[in-house]
Structures are given as C-alpha cells and as structure tokens.
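Following: one structure in structure tokens, then a few remarks.
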Amino acid sequence: MPDRQRHPGLARGRYPVPQGGEKDMTTRQNTYPGLPFTRRGALGVLGGGALAAGLIGPGAVRAQTPKKGGTLRIGMDGGGTSDSLDPTTYFYYHMYTVGFTLGNTLVELDATKQPVPELAESWEGTPDAKRWVFKMRKGVEFHNGKTVTAADAAYSLNRHIAPDSKSAAKGFLQGVTSIRADGDNVIIEHETGDADMPSIMGQYHLVIVPDGFDDWSGFIGSGPYMLDSFDPGVRFTASRNPNYWKPDRAWVDKVDLSFILDPTARASALMTGGVDIIDYVDTKIVDRIKAMNRFQIIENIGLAYHESVMDTRAKPFDSNDVREAVKFAINREELVEKVYHGYGTVGNDHPVPPNDPFFNSELPQRPFDPDKARWHLKQAGLDKIDIELAAADGAFTGAVDAAVLMQASADGTGVNIEVDRVPNDSYWSDVWMKRPYCVSNWGVRPTPSMMFSVAFACEAPWNETFWCNDQFTQLLNQGKVETDFAKRKQIFGEMQQMVHANDGNAIFVFPSTLDGYAETVQGAAPDAVALLMGCRVAERVWMA
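Here is the structure:
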C-alpha cells in the first residue's frame, strides 16, 4: 500500500513555482548539521512548494533550549503481525517512523521537501540525469561500531531493485541499471535518466544497513536510536545511540512506540497521559483536545489523498464508462464537510494536490452529477450496477463513514453501492489490491513523477487499479528526465488529465493531517513531507 495518510484547517492557495535555475542539475554538499550547502542551479522540481502547515490551538510551541533525557512515548496508526524491520517491506507511516528512528538514508528531505545531505555529504548528476554520484560522509558508524561505507549503501540500495524484490521503492528506481561503490562514492546509473534521484534517495524505504546484513530481528542501522525490542503490530522500543553522528539530534533517552489502530483509543492515550505524541488526530475530537490547553495540534497540509479504488481488470470496472459513472456519483463537497469537518480539499481523481507547483489548474473539477453518472452507465450498456465497497477505518480514519456517505450520494444514480465493513488489522494484507472495489489512502510523494512511478506506472508494485496505458508510460519517461520546469509541468499536467479521465482512482479528498503533542514535547513543527515531522520525530524533538 502506500503511505497511507490521512488529517484539519486548510490553506487553499497554491504554492509559488520555485524560482531560479530550474534547467540545471543539482549539486549539494555540506557537513551536517546546520552548515550551508552549495546549490548550483537546483532543479525546481527537487524542492516543490513552500511549507503549508501550522499550529492550531492554544498549545503553541514555546521556544526552549533542547536538552537530553526522558522517554518519548508515541502512539501511531498502523501495525500488523506481518510487519518487518526489513526496509524492503516498509509499509505505512508507522514503519517509516521505525525506520528513521533506527537508520538514515543517503539524502534527507527537509520540512519543505528539499533534498539535503544525510549519509551522503554531497551529490552531482550529469546534464542528462543518467549518472549520479553520491559522496559518502566520513566518520559515521553503524550501531555495531562498523564504519558506514559506500559498499554498505550500494548493498542496501541494490536490495530494492533485485529481480525478486517486492519493495515499494522498486517503482521509484525503475530504469536504474547499476548501483555500485567506487571508493567513497556511490554511483547510480540510470537507463534513461531521472532528475528526481536526490529526492528518491530520501525515501523512507532506502535506509542504509551494513553490507550483507539480513538479520532483521536484530536490526543494525546508523540512526539516532538502537533497537531494544519489536513486537510487530504491538510495540517498538529503542535507546539513544551514544555515538550518533548528528550533534543536534536524538535528545530523548528512549523511544517507546505503540501501534494503536483505533483513533479514539489513540486520542484517549494522549489526553490521559499514556503517550506524548499521536498521529492522525480525528477531526471529530480535535476541538475537545484543544480545549484542554495541554496539547499542541500541528497541521500538515497536502500530505495525503483518500479515494475509492476500482480494479480496472474486473467487471464492471473494466469499462471506463462505469468508472466515470462511479466518479460522478460521489458528492465530494459533502464528504469533506461531513466526514472531514471541513479539514480537507476536494480531490479531482488524480494524485497531485492543489498546493503542488505541478498541479494542473486548467483541469475542470469533477462535480457531483447524478445525470452524468446515469449517462455513463447507459454508454456502458447498463441501467444500473450493483457493487460492493470494502472499507475499514484501518485504511484511514473515517473510511467507513466515507463509504456510507458515498453509498447514500450514489442512491438513485444507478450506481448501487453495498458497504462491506471489513476488519482493520488485516485490511492492507487481505483487502487492498485483492478486492475489486475498496477504499485506499496514499501519502503524496515529493514530486509527481515519484507519485506516478510508485502507484500509477504499469509495473509499479502498488498500482492498485492495475491500469496500464502506453501513452502514460511514455509521458512518465519524458517527465522523469525533463529538467525544464515549464515543460515538465506541461507533461505532468497531461498525465493528471489522463488519470482523471481514465484510471480507476476516485480521489475525492486531500485531507489535512493532524499530529497531537503533549505540551511537554518541545521542537515539534509541521512538515510538507509526512506526518510527525517527516516520520523523523524521534530524533528531532525533546522533552521539557
């Protein structure tokens, strides 16, 4: 699945297009942390828009000098018995947070989606984006005391592109022909070129482990905390790495992460002092939490989208007219108001949010139109369809309510929806990509080409609708290597139109994502990459 995301308050304006040097490749270097990096013509797409998020309620963050000590207790959505510490299997934000607690990637995506150095201290790509050289940072050690080398990075990355790999990162790395170590450098060769390579190297799955390592029950990384215990679907604990290489990170002594699928139970754990941080604060109770005056509510905007998904191989969804009928039968505005309490932006059946610089603003918004729904059914030779929508709040908070509301709005259109409420804990393993019609939830990637690659490309492991289009593939390949911002925007705009008009994704909302913090947690901030500070909350916050 995706990084299932999920969400309140909303900036409806668009981010400005990045300015300066959009036509050149990127060179970055620095010595972590805080020192300036050199930036020769940073590609506009590598950064995206400004940060659109903020603090809600009376619990405004008070500036305070960071200090060490304490245990950080986190309650997160997600978690199942099939979870593994193997980065090729990471699935959803709870495991991304575990991964960044234990390890590092070559590149870090900052709070504005800009790629900045992490284990790689610098990088440079050729003008055609076919060859990338990442120079490894010296003096970094794994938890077992072994020095982190280019060979470790090459091994870790190659695991994701192995022929038998089922890694979700495989879609991002499609076209990579070689990843090898050359002294202190990691050299990545790409068949056609990929201008997003620095951003790709910051993806959650690409955590670096020692060369040859495969003992996932005893994970060894280079990250801020070292593994104490991992009970899949239940709990994860870790202790501070005393030799962590970032001097301004890893403040708390211990991290204790509980996996709490039920949003009410998660919120209760925060309000009663059982945990210090939660993700996905339910919009139904956010006002109650704010009124207690002991918590910070942090809003992250444009991180996710929610949808209903049709398998384009299965009848009746193998007809695009049927897919269009289903899309026109959804009252999106009503969903945003009633399910998300106004904390979201109406979706338009493609994955690029309105605050993305590549958003196609010329594409008309699909309305709720029962007449068009009926018309498309007739075009398919049908008077009505009877379909079953599988839903669980384990997919995203409010999923069952959304499904019931879609059922109600479709009533009378000929699109007859029966809602099947399925178990939360097995949703992603037993329902998603197995049932022909179900709800789904995605975390928006830093660039459209990355989003399209992981979830919409023909060969993508998470192509949940199984839609495959040769023209779309050609455009994706063009957009990946195009370094001119205007041309790239045109390409991505056409791709948005194709998905909107043909795919089986009925993307009805981009919900805001709310994190909840006890007032004793300091340093919390919104993020444009992912919830909980880009899933790096464990190394960034400290206790008052």
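Residue numbers (our numbering): -17 to 526. Ideal Cβ positions, reconstructed from N, Cα and C, are used throughout, including at glycine.
Less than 8 Å between the CB atoms is what I'm expecting for residue i and residue j, so what's the real figure, rounded?
i      : j      : result
Asp331 : His482 : 5 Å
Leu91  : Ser181 : 7 Å
Pro48  : Trp227 : Rounded, the Cβ-Cβ distance is 17 Å, inconsistent with contact.
Trp449 : Asn484 : 7 Å
Tyr262 : Asp193 : Incorrect: roughly 37 Å between the Cβ atoms, too far for contact.
Pro352 : Gly394 : 6 Å
Ala151 : His142 : 4 Å
Pro214 : Gly62  : 7 Å
Gly57  : Ile260 : 5 Å
Val404 : Val413 : 5 Å
Val75  : Leu513 : One point to set straight first is that residue 75 is Tyr, not Val, in the sequence displayed. With a Cβ gap of about 6 Å, Tyr75 and Leu513 count as contacting.
What residue from the options has the CA that sits closest to residue i's CA?
i      : options                        : result
Met480 : Gln460, Asp196, Leu345, Trp414 : Leu345
Val328 : Ala307, Phe299, Gly284         : Gly284
Met432 : Ala520, Arg348, Asp176         : Asp176
Lys120 : Gly60, Glu464, Ala132, Gly62   : Ala132
Ala488 : Gln361, Leu458, Gln347         : Gln347
Pro195 : Tyr207, Ser250, His125, Thr219 : A small correction: the amino acid at residue 195 is Phe; Pro does not occupy that position in the sequence shown. Ranking Tyr207, Ser250, His125, Thr219 by Cα distance to Phe195 puts His125 first.
Glu521 : Pro229, Ala439, Val404, Val191 : Pro229
Asp235 : Arg417, Asp365, Tyr207         : Tyr207
Asn313 : Asp338, Lys354, Asn282, Arg470 : Lys354
Just to confirm, is the Cβ distance from residue i to residue j under 8 Å?
i      : j      : result
Thr70  : Ser149 : yes
Ala373 : Ala390 : no
Asp166 : Lys95  : no
Cys517 : Phe82  : yes
Phe201 : Leu84  : yes
Val321 : Gly380 : yes
His288 : Phe467 : no
Phe492 : Gly324 : no
Pro428 : Ile280 : no
Arg217 : Ser240 : yes
Gly153 : Ser435 : yes
His358 : Phe299 : no
Gly107 : Met179 : yes
Val519 : Asp258 : no
Glu446 : Met415 : yes
Phe474 : Phe340 : yes
Val122 : Ser204 : yes
Gln278 : Tyr499 : yes
Ala286 : Gly425 : yes
Identify the continuous alpha helix (DSSP H) that holds residue i and give its terminal residues.
i      : result
Asp176 : Note, Asp176: premise wrong, no alpha helix (DSSP H); not H, not E.
Lys117 : Note, Lys117: premise wrong, no alpha helix (DSSP H); beta strand (DSSP E) at 113 to 118.
Ile190 : No alpha helix (DSSP H) contains Ile190, which DSSP labels as neither H nor E.
Lys320 : 314 to 320
Thr79  : 75 to 84
Lys309 : 302 to 310
Buried or exposed: where does residue i fall if 16 or more other Cβ atoms within 10 Å of its Cβ makes it buried?
i      : result
Lys615 : The requested residue 615 does not occur in the structure, where the chain is confined to residues -17 to 526.
Arg231 : buried
Asn275 : exposed
Gly127 : exposed
Arg248 : buried
Trp524 : buried
Thr254 : exposed
Asn225 : exposed
Glu103 : buried
Asp68  : buried
Ser343 : exposed
Gly30  : Any reading at Gly30 must be qualified, since the residue scores a pLDDT of 34, below 50, and its modelled position is unreliable; no value is offered.
Ser290 : buried
Ala392 : buried
Thr159 : exposed
Glu464 : buried
Pro18  : Because Pro18 carries a pLDDT of 26, less than 50, the predicted location of this residue cannot be relied on, and no value is offered for it.
Asp614 : This structure cannot speak to residue 614, because the chain is shown only from -17 to 526.
Pro145 : exposed
Glu441 : exposed
Glu400 : exposed
Thr53  : exposed
Glu306 : buried
Asp210 : exposed
Gly363 : exposed
Gln46  : exposed
Would you mind reading off the limits of the beta strand (DSSP E) that contains residue i?
i      : result
Thr53  : 53 to 58
Met292 : 286 to 292
Ala102 : 102 to 107
Ser211 : 207 to 213
Trp357 : Segment 352 to 361 is the alpha helix (DSSP H) holding Trp357; no beta strand (DSSP E) there.
Leu496 : 495 to 500
Is residue i near the ligand MG, judged by its Cβ being under 7 Å from some heavy atom?
i      : result
Arg314 : This structure lacks the ligand MG, and indeed carries no ligand of any kind.
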